[in-house]
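Numbering (the numbering used here), first residue to last: -13 to 275. Heads up, the thing below is written out as structure tokens.
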Amino acid sequence: MHERKYPIALVTDSTCDLPESFMEKYQVHVVPLSVFFGQNQYIDKISMSPESFYDKQETSKDYPTTSQPSVQAFTNTFSHLLAHYDSVIALHISSGLSGTYANSLKAAEKITAEYNKPITVIDSNNISGSLGLVVQRVALAIESGLTHKEIVEKINIWAGNTHVFVSVKAMKTMIKGGRVSPLKGFFARLLHIRPVITIGSNGKATLFDKAFSQKGNMRKTMKHIRKMAETKKIHSYGLLHGNNEDKLDYFREEMKALTGQEPQFTVTISPVVGVSSGKDAAAVAVHFE
-13 MHERKYPIAL
-3 VTDSTCDLPE
7 SFMEKYQVHV
17 VPLSVFFGQN
27 QYIDKISMSP
37 ESFYDKQETS
47 KDYPTTSQPS
57 VQAFTNTFSH
67 LLAHYDSVIA
77 LHISSGLSGT
87 YANSLKAAEK
97 ITAEYNKPIT
107 VIDSNNISGS
117 LGLVVQRVAL
127 AIESGLTHKE
137 IVEKINIWAG
147 NTHVFVSVKA
157 MKTMIKGGRV
167 SPLKGFFARL
177 LHIRPVITIG
187 SNGKATLFDK
197 AFSQKGNMRK
207 TMKHIRKMAE
217 TKKIHSYGLL
227 HGNNEDKLDY
237 FREEMKALTG
247 QEPQFTVTIS
257 PVVGVSSGKD
267 AAAVAVHFE
């Protein structure tokens, strides 16, 4: 256990894509999900790195599946943290995509009663880079000295103003990952459609747009972001890829021209998310004021 820097502990899960250096600097505590290839279990980002995952996804005869952390995993984490911190804020992958939030909430209710210290568990309605941007905003708020209550009052606003758009190259990963029905996927593959996926207001993966090429769906994504930026100022953004950073060249150039800013981060999409998005995915996460 490192020496705490702040009175509030910040917890997330391994679908939160941020640079490791940021997580360490701001003491963000991560409870990992798991990836399975057949009977073999790998701990997301611990016993399987994003890079090794994408290589294995391409070559394995078993298509990967995922599972959320157990209630006990969260119980252990919260119990340990409340022995050292005054309170905990836990921010998780959308409950429409995973049972992670539900298990975290169950554990929090138990441990809060034991320690008589607050744990606030929040369904971010986000994933990957968009979850990362919200976690980043919360981490900086903790560093600035805002109280637990002040931060919690802002989180849902920050989360609601954050979006991720994932340009997917291969439809098969979306079908096998369970994000697109086999029938819809069949016609999409037949027509060589390349989808853009986002998280809808219901917290589930939603087909945002589509094109006949990945470059085409990237152009449509940027057109939409520019439209949004006409009424809302972009606070920050991040870029993410499925183990092929060259795929981000278009997003990098266009987002820099639009915002005048460099991305907050450029990272590989986590294995758990990559089960659906696949290799060669390119994503942009945007946080609006």
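For glycine and all other residues, C-beta sits at the position ideal for the given N, C-alpha and C.
{"query": "Where does Q43 sit, in a helix, a strand or coil, going by DSSP?", "result": "helix"}
{"query": "Assuming R123 is part of the alpha helix (DSSP H), what are its boundary residues?", "result": "114 to 130"}
{"query": "Who are the near neighbours of V138 in its chain, counting only those whose CB is closer than 6 angstroms to its CB and skipping five residues on each side?", "result": "T106"}
{"query": "In chain order, what residues of the same chain lie with their CB nearer than 6 angstroms to the CB of M204, ignoring the 5 residues before and after it?", "result": "S153, Y236"}
{"query": "Output the distance between the C-alpha atoms of V(-3) and L83, rounded to the nearest integer angstrom.", "result": "18 angstroms"}
{"query": "Once DSSP output is grouped into helix, strand and coil, what is the label at A76?", "result": "strand"}
{"query": "Out of Q25, Q58, T217, T1, point me to the one whose CA is closest to E275's CA.", "result": "T217"}
{"query": "Starting from G186, trace the alpha helix (DSSP H) in both directions and tell me its first and last residue.", "result": "Note, G186: premise wrong, no alpha helix (DSSP H); not H, not E."}
{"query": "Where does D(-1) land, buried or exposed, given buried means 16+ other C-beta within 10 angstroms?", "result": "buried"}
{"query": "Given this structure, state the Cα-to-Cα distance separating H(-12) from L68, to the nearest angstrom.", "result": "14 angstroms"}
{"query": "Throw me the rounded Cβ distance for the S114 and D266 pair, which I believe falls under 8 angstroms.", "result": "Not really, about 15 angstroms apart at Cβ, beyond 8 angstroms."}
{"query": "Can you tell me where the alpha helix (DSSP H) with D235 in it begins and where it stops?", "result": "235 to 245"}
{"query": "In chain order, what residues of the same chain lie with their CB nearer than 7 angstroms to the CB of A88, ignoring the 5 residues before and after it?", "result": "S81"}
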